[in-house]
Amino acid sequence: MSQITRRGAFGLAGGLAGLAACGAEDAAAPEIATPPYAGEVGFDHGVASGDPLHDRVILWTRVTPRSGEGAIPVAWAVYTDESLTELAASGAAETTAARDFTIKVDALGLEAGRDYYYRFLAKTAAGDVASPTGRTKTAALAGDAPVKLAVVSCSNYPFGYFNAYKALSETPDLDAVVHLGDYLYEYGIDGYGGEAGEALGRRHDPITEIVTLDDYRTRHAQYKSDPDLQAAHASAPWICTWDDHESTNNSYRSGAENHNVENNEGDWSDRKQVAVQAYLEWMPVRDPQRGRAREAIYRKFDFGEVATIFCLESRLTGRSDEISWFAELGGKEPAEVPGAALAAMQRVNDPSRTMLGDVQEDWLARGLEASVEGGKSWQVLANQVIMAKVRAPNFTRTLTEEQKAAQTIGYIQQLIPFSQLGLAWNLDAWDGFPAARDRLYEASMEAGARLVTLTGDTHTAWANTLHSGDDVVGVEFACTSVTSPGFGAYMFDVPDLGEQFAEANEDVDWYNPVSGGFLIVTLTKDAARGAYYDISTVTEREFEITELVQYESRIEDDAQTPLQRL
0 MSQITRRGAF GLAGGLAGLA ACGAEDAAAP EIATPPYAGE VGFDHGVASG DPLHDRVILW
60 TRVTPRSGEG AIPVAWAVYT DESLTELAAS GAAETTAARD FTIKVDALGL EAGRDYYYRF
120 LAKTAAGDVA SPTGRTKTAA LAGDAPVKLA VVSCSNYPFG YFNAYKALSE TPDLDAVVHL
180 GDYLYEYGID GYGGEAGEAL GRRHDPITEI VTLDDYRTRH AQYKSDPDLQ AAHASAPWIC
240 TWDDHESTNN SYRSGAENHN VENNEGDWSD RKQVAVQAYL EWMPVRDPQR GRAREAIYRK
300 FDFGEVATIF CLESRLTGRS DEISWFAELG GKEPAEVPGA ALAAMQRVND PSRTMLGDVQ
360 EDWLARGLEA SVEGGKSWQV LANQVIMAKV RAPNFTRTLT EEQKAAQTIG YIQQLIPFSQ
420 LGLAWNLDAW DGFPAARDRL YEASMEAGAR LVTLTGDTHT AWANTLHSGD DVVGVEFACT
480 SVTSPGFGAY MFDVPDLGEQ FAEANEDVDW YNPVSGGFLI VTLTKDAARG AYYDISTVTE
540 REFEITELVQ YESRIEDDAQ TPLQRL
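So the sequence shown is residues 0 to 565, counted in numbering that gives the first Met the number 0.
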């Protein structure tokens, strides 16, 4: 256990007072009169920062009590230099079991567009215990300095080592890491990834599917015990949103594919709320504004004159009920499939279906307009699921008989005849909500936005140019996964699978179904560039990083160009 003096750690003047654990909204709370903690503590889950604004940033940690009980008083400080000598901001908080001993504070009064360094100090009767040090950065208030973002998603602990996070932690000059969801997975050791986890010694904790508040807290703690994830969190501020697995697979406002009352998983509303509670405790995100539902975490970030990032919530507040090809076509005779599929598409095309909900749609439309009027070059969506229009290639024609015979997985065997219908491939994406996508495109075009959509979810990499009729609406950079296997892992002996998808879809410029890794998006006043990086392995600690390709959209004659390969 590291013990250092309070003066040596922070040089703080004054006692523990003023700032409660939930952040800046409680800055006027009564003074904390908590005495030093009587037991031993540690910082087993590292530190993190997030939600960078021009003058503030969220700081996060978790104090792990090794003995003792009661509230733990903690001081925090932000410095302008890595040697921690020039103090920029400081404060105090306390944490208890009621919030799982996590601490989340909004560090105010910072300067725009600059690096900072921070750490926490737990006060115990045996001495003060220091956390690791983290680097963070505020967003630029003005100017046209480039914005460099690392984009990641789908980090399933049992499937492999978090080598992509290690690579990100060593990437210089990041303004932010954007995590687009599936930060953790809900399954037990008998579920998705369980067999791989057994082989690697990375079993999920708890070993059962997570359902209760204690379950979700334990799973968050396990993920943040990973040293590579800790290093990535400590290297830059994160902008995070959830997808489905932070609650459970294919979740929507009123239910989820993987929520089963018959398996004693209880009421969906209860499970959703405890998943959200644990997420807000354990992630470096601002809690929703007062008056919003706790799950309404959509928010925006401005970076000088270059970009506004709109961080969307597309699962728990407004998403309509799931329509799934598995449910619609499972068990059907081949002759019944076309009729059943067309009937399902009539429901898919219902204009009342929403991805975001009416309130968030209105918030986004107004935000796009304000961003354009404010002179921002790019309007960026931190979005969970594929926005491009995508259908599978007609595999009945593009595959050889030998390739068809090589497909031994039931889903792929069903996909081959289905593909000749020319219908949307993935109804869990925006293709399952076409009217909602049309409304988003209309709002974007009315605002004059230059849309850059960042997407996760599919465990595969995409570079897409988004169209509404003949018009280019924007572009989409979709990252692959940190560990979860992609589509190419299940469709065998089709080396040109990516090329087939690109040829079959106007929106798809490039598709890589097999890589795992991350995406670096660099935004300037006149260009939005995505560089795709492959991590060679997730089953070994030693790995190589390969740049696969770069695509770019530019602003020419005040209009956004389609993606071009560099």
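Where is the CB? At the ideal position from N, CA and C, for every residue including glycine.
These numbers come from a predicted model, not from an experiment.
- [ ] Pick helix, strand or coil for Phe500, following the three-state DSSP scheme.
- [x] Counting from 1 along the sequence shown, the entry for residue 500 is found at position 501. Of the three classes helix, strand and coil, the one that applies to Phe500 here is helix, per DSSP.
Open item on the list: I'd like to know whether the C-beta atoms of Ser234 and Arg365 end up nearer to each other than 8 Å.
Closed with: For the purposes of this step, residue 234 is taken as residue 235 along the sequence shown, with counting starting at 1. For the purposes of this step, residue 365 is taken as residue 366 along the sequence shown, with counting starting at 1. Result no, Cβ atoms of Ser234 and Arg365 do not sit closer than 8 Å.
Task: Of the residues Phe491, Ile308, Pro337 and Ser483, the one placed nearest Thr399, counting alpha carbons only - done: Reading the sequence shown from its first residue, position 400 is the one you call residue 399. Ranking the options by Cα distance to Thr399, first place goes to Phe491.
Open item on the list: Given a cut-off of 8 Å on the beta-carbon distance, is the pair Val73 and Ala121 in contact?
Closed with: As a position in the sequence shown, residue 73 is number 74, starting the count at 1. As a position in the sequence shown, residue 121 is number 122, starting the count at 1. The answer is yes: Cβ separation under 8 Å.
TODO: Would you mind giving the Cβ-Cβ distance between Ile188 and Gly196, rounded to the nearest angstrom? I have them listed as a contact below 8 Å.
DONE: As a working note, residue 188 is residue 189 in the sequence shown. As a working note, residue 196 is residue 197 in the sequence shown. At roughly 6 Å, the Cβ-Cβ gap stays under 8 Å, so Ile188 and Gly196 are in contact.
TODO: Give the single residue among Asp427, Ser246 and Ser370 whose Cα lies nearest to the Cα of Phe325.
DONE: Here residue 325 corresponds to residue number 326 of the sequence shown, with the count starting at 1. The shortest Cα separation from Phe325 among Asp427, Ser246 and Ser370 belongs to Asp427.
Task: Straight-line Cα distance separating Leu367 from Ala435 - done: Walking along the sequence shown from the start, residue 435 turns up at place 436. Walking along the sequence shown from the start, residue 367 turns up at place 368. In this model, Ala435 and Leu367 are separated by some 16 Å (Cα to Cα).
Open item on the list: Val481 and Ala166 - do their beta-carbons sit closer together than 8 Å?
Closed with: Locating residue 166 in the sequence shown gives position 167, where the first residue counts as 1. Locating residue 481 in the sequence shown gives position 482, where the first residue counts as 1. It is not a contact, given that the beta carbons lie outside the stated cut-off.
Task: Straight-line gap, Ser501 to Asn393 (C-alpha atoms, nearest Å) - done: The residue labelled residue 501 in the question sits at position 502 within the sequence shown. The residue labelled residue 393 in the question sits at position 394 within the sequence shown. Checking the sequence, you will find Ala at residue 501 rather than Ser. Straight-line Cα distance between these residues: approximately 12 Å.
- [ ] Can you give me the Cβ contacts of Leu453 inside the same chain, cut-off strictly under 7 Å, excluding the 5 residues immediately before and after it?
- [x] Translated into the one-based positions of the sequence shown, residue 453 becomes position 454. Excluding sequence neighbours, Leu453 sits near Val150, Val177, Leu179, Val379, Leu380, Ala381, Asn382, Phe476 and Val520.
TODO: Pull up the DSSP beta-bridge partners for Cys239, would you.
DONE: On the sequence shown, residue 239 is found 240 positions in, with the first residue counted as 1. In DSSP, Cys239 forms a bridge with His178.
Open item on the list: Please report the distance separating the alpha-carbon of Ala26 from that of Val104.
Closed with: The residue labelled residue 26 in the question sits at position 27 within the sequence shown. The residue labelled residue 104 in the question sits at position 105 within the sequence shown. With a pLDDT of 33 at Ala26, under the threshold of 50, the predicted position of this residue should be treated as unreliable, though the coordinate-derived value follows. For Ala26 and Val104, the distance between alpha carbons rounds to 10 Å.
- [ ] Please classify Leu565: does DSSP put it in a helix, a strand, or coil?
- [x] As a first step, residue 565 must be located in the sequence shown, where it is residue number 566. Three-state result, Leu565: coil.
Open item on the list: Assess contact between the stretch 48 to 61 and the stretch 134 to 147, defined as three or more Cβ pairs (one per stretch) separated by less than 8 Å. Is contact present?
Closed with: yes
Open item on the list: Assuming Thr95 is part of the beta strand (DSSP E), what are its boundary residues?
Closed with: For the purposes of this step, residue 95 is taken as the residue at position 96 of the sequence shown. Counting along the chain, Thr95 falls outside any beta strand (DSSP E), and DSSP gives it neither H nor E.
TODO: Taking the CB atoms as reference points, tell me whether Thr84 and Thr94 lie closer together than 8 Å.
DONE: Looking up residue 84 in the sequence shown gives position 85. Looking up residue 94 in the sequence shown gives position 95. No. Outside cutoff.
Open item on the list: Bridge partners for Thr33 per DSSP, in chain order?
Closed with: Along the sequence shown, read from residue 1 onward, the residue named residue 33 stands at position 34. Beta-bridge pairing links Thr33 to no other residue.
- [ ] Leaving aside the five residues before and after Thr536 along the sequence, list all residues of the same chain whose C-beta is less than 6 Å from its C-beta, in chain order.
- [x] For this step, residue 536 is matched to residue 537 along the sequence shown. Taking C-beta separations shorter than 6 Å and ignoring five residues to either side along the sequence, the partners of Thr536 in its chain run Phe542, following chain order.
Task: Any alpha helix (DSSP H) of 4 or more consecutive residues that is wholly inside the stretch 152 to 224 - done: 162 to 168, 193 to 199 and 212 to 223
- [ ] Would you kindly work out how many angstroms separate the C-alpha atoms of Phe161 and Ala334, rounded to a whole number?
- [x] Within the sequence shown, residue 161 is the residue found at index 162, counting from 1. Within the sequence shown, residue 334 is the residue found at index 335, counting from 1. Taking the straight line from one Cα to the other gives about 45 Å.
Open item on the list: Mapping the DSSP letters down to three states, classify Pro131 as helix, strand or coil.
Closed with: Translated into the one-based positions of the sequence shown, residue 131 becomes position 132. If DSSP states are grouped into helix, strand and coil, Pro131 belongs with coil.
TODO: In angstroms with no decimal places, state the Cα-to-Cα distance between Arg293 and Lys331.
DONE: By one-based count along the sequence shown, residue 293 stands at place 294. By one-based count along the sequence shown, residue 331 stands at place 332. So the alpha carbons of these two residues sit roughly 40 Å apart.
Task: Length of the line joining the Cα atoms of Thr63 and Gly126 - done: Working through the sequence shown from its first residue, we reach residue 63 at position 64. Working through the sequence shown from its first residue, we reach residue 126 at position 127. Distance between the alpha carbons of Thr63 and Gly126 is about 15 Å.
Task: Secondary structure of Tyr532, DSSP reduced to three states - done: Working through the sequence shown from its first residue, we reach residue 532 at position 533. In the structure shown, Tyr532 sits in a strand (DSSP, three-state: E or B).
- [ ] Pull up the distance between the alpha-carbon of Pro416 and that of Pro494, whole angstroms please.
- [x] For the purposes of this step, residue 416 is taken as residue 417 along the sequence shown, with counting starting at 1. For the purposes of this step, residue 494 is taken as residue 495 along the sequence shown, with counting starting at 1. Pro416 and Pro494 have their C-alpha atoms roughly 20 Å apart.
- [ ] Compare the C-alpha of Ala97 against each of Ala343, Gln276 and Thr407 and name the closest.
- [x] Here the question's residue 97 lines up with position 98 in the sequence shown. The shortest Cα separation from Ala97 among Ala343, Gln276 and Thr407 belongs to Gln276.
TODO: Using beta-carbon positions only, say whether Asp114 and Ser154 come within less than 8 Å of one another.
DONE: As a first step, residue 114 is located in the sequence shown; it is residue number 115 there, counting from the start. As a first step, residue 154 is located in the sequence shown; it is residue number 155 there, counting from the start. In this structure, Ser154 does not lie closer than 8 Å to Asp114 by Cβ.
Open item on the list: Any contact between the stretch 274 to 291 and the stretch 237 to 255? By contact I mean 3 or more CB pairs, one from each, below 8 Å.
Closed with: yes
Open item on the list: By the three-class DSSP mapping on this structure, what secondary structure does Gly254 have?
Closed with: Stepping through the sequence shown from its first residue, residue 254 is reached at position 255. It is a strand residue.
Open item on the list: The beta strand (DSSP E) that contains Ala477, what's its start and end?
Closed with: In the sequence shown, counting from the first residue as 1, residue 477 sits at position 478. From DSSP, the beta strand (DSSP E) with Ala477 extends over Asp470 to Ala477.
Open item on the list: Residues in the same chain with beta-carbon distance under 6 Å from Asp301, minus the five sequence neighbours each way, listed in chain order, please.
Closed with: Residue mapping note: residue 301 aligns to position 302 of the sequence shown, counting from 1. Residues Thr307 of the same chain have their beta carbon placed closer than 6 Å to that of Asp301, with the five preceding and five following residues left out of the count.
- [ ] Return yes when the Cβ of Asp174 is within less than 8 Å of the Cβ of Leu148, no when it is not.
- [x] As a working note, residue 148 is residue 149 in the sequence shown. As a working note, residue 174 is residue 175 in the sequence shown. Yes, these two residues count as a Cβ contact at 8 Å.
- [ ] Rounded to whole angstroms, what's the CA-CA distance from Met0 to Ile385? Just pull it up for me.
- [x] In the sequence shown, residue 0 corresponds to position 1, counting from 1. In the sequence shown, residue 385 corresponds to position 386, counting from 1. Its pLDDT being 33, under 50, Met0 is placed unreliably in this model, and the coordinates cannot settle the point.
- [ ] Return the chain-ordered list of same chain residues with a C-beta closer than 6 Å to the C-beta of Ser370, the five sequence neighbours on each side being excluded.
- [x] Start at 1 with the first residue of the sequence shown, and residue 370 comes out as number 371. Correct list, in chain order: Thr307 and Gln378.
Task: DSSP state of Asp50 mapped onto helix, strand, coil - done: On the sequence shown, position 51 is the one that residue 50 refers to. Three-state result, Asp50: coil.
Task: Simplified DSSP assignment, three categories, for Gln559 - done: The sequence position of residue 559 within the sequence shown is 560, counting from 1. Reduced to three states, the DSSP call for Gln559 is strand.
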